[in-house]
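Some notes on the structure that comes next.
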Amino acid sequence: MQSEMTGGSITARHKSSVGATPPIEYVAAVYFTALVTGAALALEALVGYVAVALLYLLLVVALGMKLHRGPALLVAACSGLIWDFFFIPTRFSLHIVKIDDLMMLAMFFVVAMAMGHLTSRLRLKELAERRREQRTAALYELVQQAGLASDLDSGLRAAIQLTETLFGVRATLLLRGPDHTLAAETHSAGSFPLDEKEYKVAAWAFHHRMPAGKFTDNRPEAAATHLPLQARSAVMGVLSVHPPPGTIFGLAERELLEAFAVLIGTILEKDHLLQGLRQAEILQVSERLQGVLLQSVSHELKTPLSAVQAGFDALGKEIGGAERSQTVVRAIQQGLRRLHRVINNLLDMSRIESGVMKPRLDWCDVGELIRTALRLAADGVREHVVTIEADKNLPIVKIDQALLEQSLCNLLLNAASNSQSGTKISIRARFADHRLILSVLDEGKGIPEMDLPRIFHTFYRGDGAAPGGTGLGLAIVDGFVRAHGGTVTAANRQPRGAEIVITLPVETLAPDMVEKFA
Amino acid sequence: MSESLTALVIDDDEQIRKLLRVILEQEHYRALESDCGWHGLSEIALRRPDVVLLDLGLPDMDGLIVLKRLRQWSHVPVLILSVRDGSEDKVGALDAGADDYVTKPFEATELLARLRAIQRRTPSATENAHFEAGHLTIDFSSHIVKVQGREVKLTATEYALLKTLALQAGKIVTHKQLLQEVWGPNAVEHSQYLRVYMMHLRKKIELPDDPERLLRTESGFGYRLIVPPSRY
């Protein structure tokens, strides 16, 4: 029980009242015993030596309520011996004749022990109560000062100050940066910098989400104690406290300090979430603006194009069978189709770059996807031999079918424009390790090695690329695939040709689902 | 085409209206024009056109609202002709009662083919017991489906799916409409059913190497059973 009490101090200021038995209690014990002895000597002639014993018993009870067990026992021992020596007949000797005197003597000790026990229990309760109260008060103060501060920096400054005054330490903070790693520099509110060694311990605490450093089980050789600022979702940083030499942190202090760290972490998290919310709002507004802008640009570009195209369609019919005029009309129509594709590519690219692009995932049959892409590319691959090599048991996958059709179509057009007519273009589809892998292979001249990393860049055009391309086709594929969280890579084939591979992480329909409905 | 059908063009762009008039008149339609939603609605009420070509971006009200108002009292076939090419726009318009959706810029031949498909009156299975599209024939009375003259066994659901598409041949049928028709109103969120069945149905009725597919996917929103041109 004694050891529990020594660990009980909550702050430096309260140590004296609740720590180890102070020597003053022994002095008090001796002093009061002497006082009672004086009184006893005066009264003995009037009341007799047995009543004097009751006086001593009163002393033991009274002091037992106030003193620790050590001094209380001292009072009992002194009282017993003095009573025995000075008052029991055969005075000035410790010899006892009557059995009831012996019993009375024993009673001194029994009462002293019992009182000591009761008192220490009472005291522990009182101590726990006070500790709770202090803890609540401290946390409340932290919320008041730091949590409700108008801005984060002044809030953190208040938190550090409170920690320092309450625990009698120097404190500093390392916050989590925007990239979710621990900042290299301590926060400006902190009152001491961390050297390299201490920083490492702090980083350890941050990564392991456990207290580290002095008074902990991890790296206790460090000079400071480092506590992770554990919030609901993540560790928001590290609180480092540097106790003055000679201080010992008890269990309660450690607990309170940890509660402080959690609270500071929560305050930081609240701020972080608030900022995220604000940013999302701004982003939403700007996305809506971008969307509206793109829609109106799209409208302004496509409406006149529609008029031109409709005009030539009508004209083509009016002219009728005149072969030469028909050739001209067809050439114009082809040109219009190309212009249409370029406009679509530019609009798609703007959508990708403005971040408005969001895949709408839905279940899709990959075979269907490939065939539709092939239909989209129709004219572009007419002069090539296109083969589809798809795994037999491709699952139904969750993707944005329209985006991927467009991607695959762009790859087909790219393959066609980079290889001779009459050569083979293969579309391959397989599924492995939760990934859908779509590739388009051609038998063209391949991609120059030095260009391999650049072909997905916006406006990249290969040397000697067929006229009419914008250099956007592959960049759009890259954008669409990225929007799905996938990757697209290019490689050359042996002996000739290029291979472009789309890899997409996909959710698949459980096979039993397919069975069930088949 | 002997009888002359009336087509109403609702579009705020004058050039487009003029050109559509030329294209429609070449196909012997009688063309009417409207430059805004209100006028368009009153034209439909007064002149009762046989088909409507509706733009979505109108100056006075969104084309989608025109469509919804119209659908409260009229079943006239509506073809949406818009520059908006997002699948949300398309699904929204089709589910609101549009019969088809063509994006601008459009090709005249494609537009005319779609117009023909939507103004064909939807026959009910009872009055038109026989259906034919390319290599596929369906006998609605005996539920017999034949591919290239050979009978194919379909499950009840596959048959229901094919029938729904065949009865609206040439038109887009949205995922929602198909799910509702075949599986009932509670299934509209379960697009996976549809993918699985379509996959099986395709295996049974499409020819493996036919580049012109019978069941065409309208990415992101629906399917269309293609009727080869010989039928016209």
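Protein chains in written order, with the working numbering: chain A, 26 to 543; chain B, 179 to 410. Ideal Cβ placement from N, Cα and C applies to all residues, glycine included. A quick note: this is a predicted structure, and the numbers were derived from the prediction, not measured.
Item, Value
"Test item: CB-CB of Leu198 (chain A) and Gly290 (chain A) under 8 Å", "no"
"Cutoff 8 Å: Ile35 (chain A) Cβ touching any chain B Cβ", "The predicted model places Ile35 (chain A) with a pLDDT of 39, which falls under 50 and marks its position as unreliable, so this point remains unresolved."
"Residues in the stretch 334 to 353 of chain A having any Cβ partner in chain B nearer than 7 Å", "Gln334, Ala335, Gly336, Asp338, Ala339, Lys342"
"CA nearest to the CA of Ile472 (chain A), picked from A:Arg195, A:Arg385, A:Arg518, A:Ala64", "A:Arg518"
"Assumed close pair Ala209 (chain A), Leu200 (chain A) - CB separation to whole angstroms, cut-off 8 Å", "Actually they do not touch by this definition, with Cβ atoms about 11 Å apart."
"Interface flag, Trp229 (chain A) vs chain B, CB-CB below 8 Å", "no"
"Chain B contacts made by the stretch 281 to 311 of chain A, where a contact means CB separation under 9 Å", "none"
"Distance, Leu84 (chain A) Cα to Ala53 (chain A) Cα", "12 Å"
"Closest Cα partner of Ser265 (chain B) within the set B:Glu288, B:Pro255, B:Arg391, B:Tyr279", "B:Tyr279"
"Where the alpha helix (DSSP H) through Ser145 (chain A) begins and ends", "124 to 167"
"Cβ of Gln346 (chain B) within 8 Å of any chain A Cβ", "no"
"Between the CA atoms of Met235 (chain A) and Val226 (chain A) - distance to the nearest angstrom", "11 Å"
"Inter-residue spacing [alpha-carbon to alpha-carbon] between Val261 (chain B) and His324 (chain A)", "6 Å"
"C-beta neighbour in chain B for Cys434 (chain A), strict 8 Å", "no"
"Per DSSP, the bridge partner or partners of Gln255 (chain A)", "A:Val260"
"The stretch 417 to 434 of chain A: positions lying closer than 8 Å to chain E by Cβ", "No chain E appears in the structure shown, which is made up of the protein chains A and B."
"Interface residues of chain A facing Pro406 (chain B) [CB-CB closer than 9 Å]", "Per Cβ cutoff of 9 Å: no residues; Pro406 (chain B) is ~15 Å from chain A at best."
"Chain-ordered chain B contacts of Glu393 (chain A) [CB-CB under 7 Å]", "Thr395"
"Burial state of Asp189 (chain B) (16 or more Cβ within 10 Å)", "buried"
"Rounded Cβ spacing between Tyr74 (chain A) and Phe133 (chain A) (contact assumed at less than 8 Å)", "Contact flag wrong, Cβ pair sits at about 14 Å."
"Pairwise C-alpha distance: Ala274 (chain B) and Val244 (chain B)", "10 Å"
"Chain A contacts from the stretch 272 to 286 of chain B (Cβ-Cβ distance under 7 Å)", "Lys282, Pro283, Phe284, Glu285, Ala286"
"Distance CB(Ala295 (chain B))-CB(Gly348 (chain B)) smaller than 8 Å", "yes"
"Residue range of the unbroken beta strand (DSSP E) whose run includes Tyr485 (chain A)", "That residue, Tyr485 (chain A), is in no beta strand (DSSP E); it is neither H nor E in DSSP."
"From A:Ala277, A:Leu92, A:Arg257, residue whose alpha carbon lies closest to that of Arg160 (chain A)", "A:Ala277"
"Gln27 (chain A) burial status per 10 Å Cβ neighbour count (16 or more: buried)", "Here Gln27 (chain A) scores only 37 on pLDDT, less than 50, and its place in the model is too uncertain to base an answer on."
"N-terminal and C-terminal residue of the alpha helix (DSSP H) that Phe456 (chain A) is part of", "Element bounds for Phe456 (chain A): not the alpha helix (DSSP H) but the beta strand (DSSP E), 449 to 457."
"Contact set between His409 (chain A) and chain B, taken where Cβ atoms lie within less than 8 Å", "Per Cβ cutoff of 8 Å: no residues; His409 (chain A) is ~13 Å from chain B at best."
"Interface partners of Leu231 (chain B) on chain A, CB under 8 Å", "Residues of chain A passing the Cβ test: none, with the nearest at roughly 12 Å."
"Buried versus exposed, by CB contacts within 10 Å (16 or more), Lys417 (chain A)", "exposed"
"Contact with chain A by Ser265 (chain B), beta-carbon distance below 8 Å", "yes"
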